[in-house]
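Q:
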Amino acid sequence: MSNSQLPRIGSTQPTERSANTTSAPVTNPPPASLVQLLRTDLHAIRDKDPAARNGLELFLYPGLHALWIHRGAHWLHGRGVPFIPRLISHFGRFFTGIEIHPGATIGNGVFIDHGFGVVIGETAIVGDGTLIFQGVTLGGTGKETGKRHPTLGKNVVVEAGAKILGNIQVGNNVRIGAGSVVLRDAPDNSIVVGIPGRVMYQKRDAGQLPTDELLPDLEAQVISILFERVKSLEIQTNQLKAQLHPTVRNGDAAPIQATRERSDHLIEDFLDGAGI
């Protein structure tokens, strides 16, 4: 059963801060039915995790436990109940290893996979259909008050260990690469990777984004280009030496050339992935 077949639980509207390149939503509470909302959380696991083989296994996911605990704490927090929401949140962190502040707004059909080490701050907003892996932080960058945590659009994928910090907008259908540190807005239908996070790929429509292994490794490409330039300069230097010192025997340069070739092979192997 796909998410499109599920009953609509809430709606989303773009925030006023959204630029032309982003359209991150704010999820509107409350859901039409608590039972429907909990069913949507279950269906999100089934749709997004191929390891979920039967209905009973769905209840064993710590990400599901964390979401259900959070939804109760968030409901109380929204009604101004003191202390109890934080106590429930603290219990959820102890029980699941996932910390979600009661004030955070979590959309429908969100799935936290594995989940250990996930931290979601007070003013963070997570759009419908988002997938979050372990070790992810949706945090702030200082002690400022007000909206200080990120807003994620619909169908965002945040891979393991990624950090999204500050009051920034991550658009719809965005993929954040593992270990990335995102400090700026990310446009719709894009892939962001690196430290700091940079847009490595963007589609104009909402079609499926390529997988990580198909993305260009810009750092490796730059290093490879610089390496080729260094080799070219070495060749030119050797040619100039031969013109200036024609009496130098070739045998004298052989050990140096052999050492240089070994170094070149090591660098090339590293750039090809053998050293990673």
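When the letters of the sequence shown are read in order and numbered with our numbering, they come out as residues 7 to 282. We treat Cβ as the ideally placed atom computed from N, Cα and C, and that holds for glycine.
Would you kindly check if the distance between the Cβ of A50 and the Cβ of G121 is under 8 Å?
A: No, Cβ-Cβ distance for G121 and A50 is not below 8 Å.
Q: Please work out which residues of its chain come closer than 6 Å, Cβ to Cβ, to P91, disregarding the five sequence neighbours upstream and downstream, and give them in chain order.
A: Contacts found: A79, L82, H83 and P108.
Q: What did DSSP end up calling P35 once you bin it into helix, strand or coil?
A: With a pLDDT of 48 at P35, under the threshold of 50, the predicted position of this residue should be treated as unreliable, though the coordinate-derived value follows. Coil.
Q: Inspect the CB distances between the stretch 129-143 and the stretch 164-172 and report whether three or more fall short of 8 Å.
A: Flag = yes, the stretch 129-143 and the stretch 164-172 touch.
Q: Report the three-state DSSP secondary structure of S186 (helix, strand or coil).
A: S186 falls in the coil class under three-state DSSP.
Q: Within a Cβ cutoff of 6 Å, which residues of the same chain sit near I126, ignoring the five residues on either side of it in sequence?
A: Only I106, A110 and L144 meet the Cβ criterion.
Q: Any idea if L239 is buried or exposed, counting beta-carbon neighbours within 10 angstroms, 16 or more meaning buried?
A: Exposed, because fewer than 16 other Cβ atoms sit within 10 Å of the Cβ of L239.
Q: Tell me whether F117 sits in a helix, a strand or coil according to DSSP, three-state version.
A: Three-state DSSP puts F117 in a strand.
Q: How many Å lie between V205 and P193 at the Cα?
A: Going by the C-alpha atoms only, they are around 8 Å apart.
Q: Here's a check: name, in chain order, each residue in its chain whose Cβ is nearer than 8 Å to the Cβ of K1, leaving out the five neighbours to either side.
A: Nothing can be reported for residue 1: it is not among the residues displayed for the chain, which extend from 7 to 282.
Q: Straight-line CA distance for F117 to T157?
A: Between F117 and T157, the C-alpha separation is close to 16 Å.
Q: Just confirm the distance between the C-beta atoms of I231 and G203, as a whole number of angstroms; I'd bet it's less than 8 Å.
A: Wrong, their Cβ atoms sit about 22 Å apart, outside the cutoff.
Q: Could you give the DSSP three-state label for E105: helix, strand or coil?
A: Note: E105 maps to strand in three-state DSSP.
Q: What's the gap between the Cα of R190 and the Cα of H251?
A: Between R190 and H251, the C-alpha separation is close to 55 Å.
Q: Assign K247 to buried or exposed, taking buried as 16 or more other Cβ atoms, counted over all protein chains shown, within 10 Å of its Cβ.
A: Counting Cβ neighbours within 10 Å, K247 comes out exposed, since fewer than 16 surround it.
Q: Could you give the distance in angstroms between the alpha-carbon of I174 and the alpha-carbon of G123?
A: The straight-line gap from Cα to Cα measures roughly 21 Å.
Q: I'd like the list of long-range same chain contacts for K209, defined as Cβ closer than 6 Å, with 5 residues on each side in sequence excluded.
A: Taken in chain order, the residues that qualify are N195.
Q: What number of angstroms, rounded off, separates the C-alpha of Y207 from the C-alpha of V199?
A: So the alpha carbons of these two residues sit roughly 9 Å apart.
Q: Going by DSSP, what residue range makes up the alpha helix (DSSP H) through T151?
A: That residue, T151, is in no alpha helix (DSSP H); it is neither H nor E in DSSP.
Q: Run the CB neighbour count on P56, radius 10 Å, all protein chains shown included, and call it buried at 16 or more, exposed below.
A: That one is exposed.
Q: Rounded to whole angstroms, how far is the Cβ of P68 from the Cβ of I94, which I believe are closer than 8 Å?
A: No, P68 and I94 are not in contact; Cβ-Cβ is about 16 Å, not under 8 Å.
Q: Taking K237 and D270 to be in contact with their CB atoms under 8 Å, please state how far apart those CB atoms are, rounded to whole angstroms.
A: That belief holds up - the Cβ atoms of K237 and D270 are roughly 7 Å apart, short of 8 Å.
Q: Which two residues bound the contiguous beta strand (DSSP E) that contains I75?
A: Counting along the chain, I75 falls outside any beta strand (DSSP E), though it belongs to the alpha helix (DSSP H) covering P68 to G84.
Q: From the DSSP output, read off the bridge partner residues of A192.
A: Answer by DSSP bridge pairing, in chain order: V176.
Q: With a 10 Å radius around its C-beta and 16 neighbouring C-beta atoms as the bar for buried, classify I197 as buried or exposed.
A: So I197 counts as buried.
Q: Look at H71 and T46 and say whether their C-beta atoms are less than 8 Å apart.
A: In this structure, T46 does not lie closer than 8 Å to H71 by Cβ.
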